[in-house]
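Remarks on the structure that follows.
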Amino acid sequence: MRTETRKDFHQKLDDLFEEVVRMGEMVTLTVNEARRCFVDLDRKSAKAIVQGDEVFDRTRDLVEERGLELLATQAPVAVDLRLVVALMRVAQHLERVADLCVDVAKATLNLPDRELPGWMKETIEEMGRRAADILRRSIFAFRKRSLEEAFRLDVLDDAVDRLNRGFFKEIDRGREEELDVAIRVIMVARFFERIADHAVDIGEETAFLLRGRK
Amino acid sequence: MPCEADEEEVRGVKVSREALLEVMEGESDLPPDDEMEGEKDLAQGNKMELSGLSLSYGGKKVLEDISMPIPARSITAVIGPSGCGKSSLLRCLNRMNELVDGARVEGKVYLDGEDVYAPGFDVVGLRRRVGMVFQKPNPFPKSVYENVAYGPRLYGVRQKKVLDRIVEESLRRAALWDEVKDKLGSSALALSGGQQQRLCIARVLAVQPEVILLDEPCSALDPISTQRIEDLLHELKEMYTIVIVTHNMQQAARVSDFTAFITIEEQGSPGRLVEFGETEEVFTNPRKKKTEDYITGRFG
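So the sequence lines, in the order shown, correspond to chains A and B.
Take -7 as the starting number for the first sequence in my numbering and just add one per residue.
Take 11 as the starting number for the second sequence in my numbering and just add one per residue.
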């Protein structure tokens, strides 16, 4: 009685899962790299991020294509069905995170050629680190299929939101930064805040995978 | 016997014929000018219900303690591995198992709140109210018309006009009328497999059942014929309560509103109900690990 059937299908599903986890790890590295570029004004690396984004687009397309193929040919049900759907959604979130990294990189390219004020640098540094950390944890929760880890993401995201709001307050308080710098820094803060939101969404996909609801 | 067919077909035909013949001896309970209205299960809820149902053949238990509802005007699918007792379960619903030597049923099967195994329950009436369609199409070797008119005629309908109306209406409901209206006098055996199966459904509909049991009705059909039967079931559930046994899990997922999963622990042990629930839930997020393992193929 106890023999696994549909092995080929399950192997394809496992392969797709590995592909998405790998994509998640690569995107997490890119988030860290984008933060570093912005803070260090490393335009060369920023350009590399912009150019490298195509890889994530292709991976997302691949995951979507293979997911649709599995839906059409294998008619998955129950946890298999939820996994195919979750993989396609997670790949989409990761692709958007990669796009936000491109936005951070482009902001780097457009910054005036001088160092950021210390407080801005520190806050962006902190937000970027936290966003990458939440993303890393979201991929970990997904890979380990851990509901507990997935639930922790929300709390971590609150901290990023607080930093983002605090940032606005600082600028509101009339710090005399140049406007073009202030605008770009506010945008980048927002990009990291969005990245953390996507990580929380990936956590929700883990919950969907494990219990059928987010 | 009206047809030469394999054992199962013969058994199926024999059963309905026996039942019908028994009725012939008594008064027909079919109003002569009856409109083909179909059963009105006005009270929504459960048309049938199984409570602690066990079945054994010659002392060997094949089903153990099955309790589940059969919601009215819905399609309930019964899935499970080979030998888990799905078909036996179906046959308990209209007491067809008792035609098998040594069959013993324990527990209750309610139809509209009445236990069909209660002493004195009208078995003939039960088999009219709870009709059955088998795995292989088993039309009588008669004309298309006679296949459908056979049941009502045995139940005492004599007027040609009434029979004509019943035949047409049954064939229309079985989505076969347009294909056979010009060859009602031709042999039913000349029809395609899919058409024959729809004819068998029309034959069941002709005696105005309330519940229709289908035992693997598409397993001998090609995909297009299968799709037509599935579409038909979807239409029929507006009027009838349907129970379908199928090996094809995707078919269960496609056509049914509720799914019951029955399995056995090991070869030879009796079938037990693992999970009953809304089909959407069972196929996307089953409550039981055993169901998940079975439907995802992680354990055969």
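Heads up, the beta-carbon is just placed ideally off N, CA and C, and yes, glycines get one too.
All of these numbers come straight from a predicted model, not from anything done at the bench.
Where E74/B falls: helix, strand or coil (DSSP): By 1-based counting over the second sequence, the position of residue 74/B is 64. Here E74/B sits in strand by DSSP.
Could you check the C-alpha separation between Q66/A and D53/A for me, to the nearest Å? In the first sequence, the residue the question calls residue 66/A occupies position 74. In the first sequence, the residue the question calls residue 53/A occupies position 61. Those two C-alpha atoms are separated by around 19 angstroms.
Give me the Cα-Cα distance between Y155/B and S180/B, rounded to the nearest whole angstrom. Residue 155/B sits at position 145 when you count from the first residue of the second sequence. Residue 180/B sits at position 170 when you count from the first residue of the second sequence. Rounded to whole angstroms, Y155/B to S180/B spans 10 angstroms at the Cα level.
Hey, does P296/B have any beta-carbon neighbour from chain A nearer than 8 angstroms? Residue mapping note: residue 296/B aligns to position 286 of the second sequence, counting from 1. It does: the Cβ of P296/B has a partner Cβ on chain A nearer than 8 angstroms.
Is the CB-CB distance between L145/A and A90/A below 8 angstroms? Taking the first residue of the first sequence as position 1, residue 145/A is located at position 153. Taking the first residue of the first sequence as position 1, residue 90/A is located at position 98. Cβ atoms of L145/A and A90/A: not closer than 8 angstroms.
With H, G and I counted as helix, E and B as strand and the rest as coil, what does DSSP make of R114/B? Taking the second sequence and counting its residues from 1, the one referred to as residue 114/B is at position 104. For R114/B, the secondary structure class from DSSP, reduced to helix, strand or coil, is strand.
Short Cβ contact (8 angstroms threshold) for T301/B with A87/B: Here residue 301/B is taken as the residue at index 291 of the second sequence, counted from 1. Here residue 87/B is taken as the residue at index 77 of the second sequence, counted from 1. T301/B places its beta carbon 8 angstroms or farther from that of A87/B.
Per DSSP, L60/B is paired with what? The residue given as residue 60/B occupies position 50 in the second sequence. Looking at the DSSP assignment, L60/B forms a beta bridge with M78/B, V119/B.
Compute the distance between the beta-carbons of A262/B and T294/B, then report whether it is under 8 angstroms. Here residue 262/B refers to the residue found at position 252 of the second sequence. Here residue 294/B refers to the residue found at position 284 of the second sequence. Contact: no.
In whole angstroms, give me the CA-to-CA distance for A15/B and A198/B. Counting from 1 along the second sequence, the entry for residue 15/B is found at position 5. Counting from 1 along the second sequence, the entry for residue 198/B is found at position 188. Since pLDDT at A15/B reaches only 38, below the 50 mark, its modelled position is unreliable, and the value read off the structure follows with that caveat. If you take the alpha carbons of A15/B and A198/B, they lie about 14 angstroms apart.
C-alpha gap between G36/B and P233/B, whole angstroms: The residue you call residue 36/B lines up with position 26 of the second sequence. The residue you call residue 233/B lines up with position 223 of the second sequence. Residue confidence is low: G36/B scores 36 on pLDDT, short of 50, so the model does not pin down where it sits. Its coordinate-derived value is still stated next. Approximately 43 angstroms, taken between the alpha carbons.
Local Cβ density within 10 Å of E140/A, reported as buried at 16 or more and exposed below that: For the purposes of this step, residue 140/A is taken as residue 148 along the first sequence, with counting starting at 1. Its Cβ having fewer than 16 others within 10 Å, E140/A is exposed.
Smallest Cα separation from L60/A: which of A78/A, A70/A, R205/A? Translated into positions along the first sequence, residue 60/A becomes position 68. When A78/A, A70/A, R205/A are compared, the shortest CA-CA separation from L60/A is found for A78/A.
Just to confirm, are F184/A and G110/A a CB contact at a threshold of 8 angstroms? As a first step, residue 184/A must be located in the first sequence, where it is residue number 192. As a first step, residue 110/A must be located in the first sequence, where it is residue number 118. No. Outside cutoff.
Residue-chain proximity (G307/B, chain A), Cβ-Cβ < 8 angstroms: Working through the second sequence from its first residue, we reach residue 307/B at position 297. Yes, contact with chain A.
Within 8 angstroms (strictly less), CB to CB, does L208/A reach chain B? A question about residue 208/A goes unanswered here, because the residues of chain A that appear run from -7 up to 206.
CA-to-CA distance, D6/A to L92/A, given in whole angstroms: Residue numbering aside, residue 92/A sits at position 100 when the first sequence is read from its first letter. Residue numbering aside, residue 6/A sits at position 14 when the first sequence is read from its first letter. When only Cα atoms are considered, L92/A and D6/A end up about 28 angstroms apart.
Would you tell me roughly how many angstroms separate the C-alpha atoms of D361/B and D125/A, rounded to the nearest one? Within the shown structure, residues of chain B are numbered from 11 to 310, placing residue 361/B beyond reach of any answer.
Endpoints, alpha helix (DSSP H) assigned at R121/A: The residue given as residue 121/A occupies position 129 in the first sequence. Under the DSSP assignment, R121/A falls in the alpha helix (DSSP H) whose first and last residues are 110 to 136.
By how many angstroms is the C-alpha of H2/A removed from the C-alpha of D72/A? Counting from one through the first sequence, the residue named residue 72/A turns up at place 80. Counting from one through the first sequence, the residue named residue 2/A turns up at place 10. Looking at the two C-alpha atoms, the distance is approximately 8 angstroms.
Any chance you could list the alpha helix (DSSP H) runs of at least 4 consecutive residues sitting entirely within the region 165 to 209 of chain B, in chain order? Within the region 165 to 209 of chain B, complete alpha helix (DSSP H) segments of at least 4 residues are found at 170 to 183, 187 to 190, given in chain order.
Helix, strand or coil, according to DSSP, for L283/B in the structure here? In the second sequence, residue 283/B corresponds to position 273, counting from 1. L283/B falls in the strand class under three-state DSSP.
Under 8 angstroms, do F271/B and E(-4)/A count as touching if we go by C-beta distance? For the purposes of this step, residue 271/B is identified with residue 261 of the second sequence, where counting begins at 1. For the purposes of this step, residue -4/A is identified with residue 4 of the first sequence, where counting begins at 1. Contact: no.
Thinking C-alpha only, which one of V253/B, R101/B, R183/B is nearest V217/B? If you number the second sequence from 1, residue 217/B lands on position 207. For V217/B, the closest of V253/B, R101/B, R183/B by C-alpha to C-alpha distance is R183/B.
Which term fits Q206/B, buried or exposed, when burial requires 16 or more other beta carbons within 10 angstroms of its beta carbon? By 1-based counting over the second sequence, the position of residue 206/B is 196. Buried: at least 16 other Cβ atoms inside 10 Å.
From I131/A, L103/A, M18/A, V69/A, residue whose alpha carbon lies closest to that of R264/B: In the second sequence, the residue the question calls residue 264/B occupies position 254. The residue among I131/A, L103/A, M18/A, V69/A with its C-alpha nearest the C-alpha of R264/B is V69/A.
Determine, using beta carbons only, whether E116/B comes closer than 8 angstroms to chain A. On the second sequence, position 106 is the one that residue 116/B refers to. Judged by the 8 angstroms Cβ criterion, E116/B is not in contact with chain A.
Flag F345/B as yes if its beta-carbon sits less than 8 angstroms from any beta-carbon of chain A, otherwise no. Residue 345/B lies beyond the stretch modelled for chain B, which goes from 11 to 310, so this question has no answer here.
Contact with chain B by A67/A, beta-carbon distance below 8 angstroms: As a first step, residue 67/A is located in the first sequence; it is residue number 75 there, counting from the start. Taking Cβ atoms only, chain B reaches closer than 8 angstroms to A67/A, which makes this a yes.
Let's test the definition: count the other Cβ atoms within 10 Å of the Cβ of V55/A and tell me whether it reaches 16, buried, or not, exposed. Position 63 of the first sequence, counting from 1, holds the residue named residue 55/A. Buried is the call here.
Would you verify that the beta carbon of G204/A is, or is not, closer than 8 angstroms to some beta carbon of chain D? Protein chains A and B are contained in the structure displayed, whereas chain D is not.
To the nearest angstrom, report how far apart R135/A and S97/B are at their CA atoms. Sequence index remark: in the first sequence, residue 135/A carries index 143 (1-based). Sequence index remark: in the second sequence, residue 97/B carries index 87 (1-based). As the crow flies, the alpha-carbon of R135/A is around 42 angstroms from that of S97/B.
Using 8 angstroms as the Cβ pair cut-off and three pairs as the minimum, do the region 91 to 107 of chain A and the region 147 to 158 of chain A touch? Flag = no, the region 91 to 107 of chain A and the region 147 to 158 of chain A do not touch.
N157/B CB to nearest heavy atom of the ligand PLP below 7 angstroms: Of the ligands one can find in the structure shown there are none, so the ligand PLP has no counterpart to examine.
Can you say whether K299/B is buried or exposed, counting buried as having 16 or more other CB atoms within 10 angstroms of its CB? Position 289 of the second sequence, counted from the start, is the residue given in the question as residue 299/B. With fewer than 16 Cβ atoms within 10 Å of its Cβ, K299/B is classed as exposed.
Where K70/B falls, given that 16 or more other Cβ within 10 Å makes a residue buried: Position 60 of the second sequence, counted from the first residue, corresponds to residue 70/B. Around the CB of K70/B, fewer than 16 other CB atoms lie within 10 Å, so the residue is classed as exposed.
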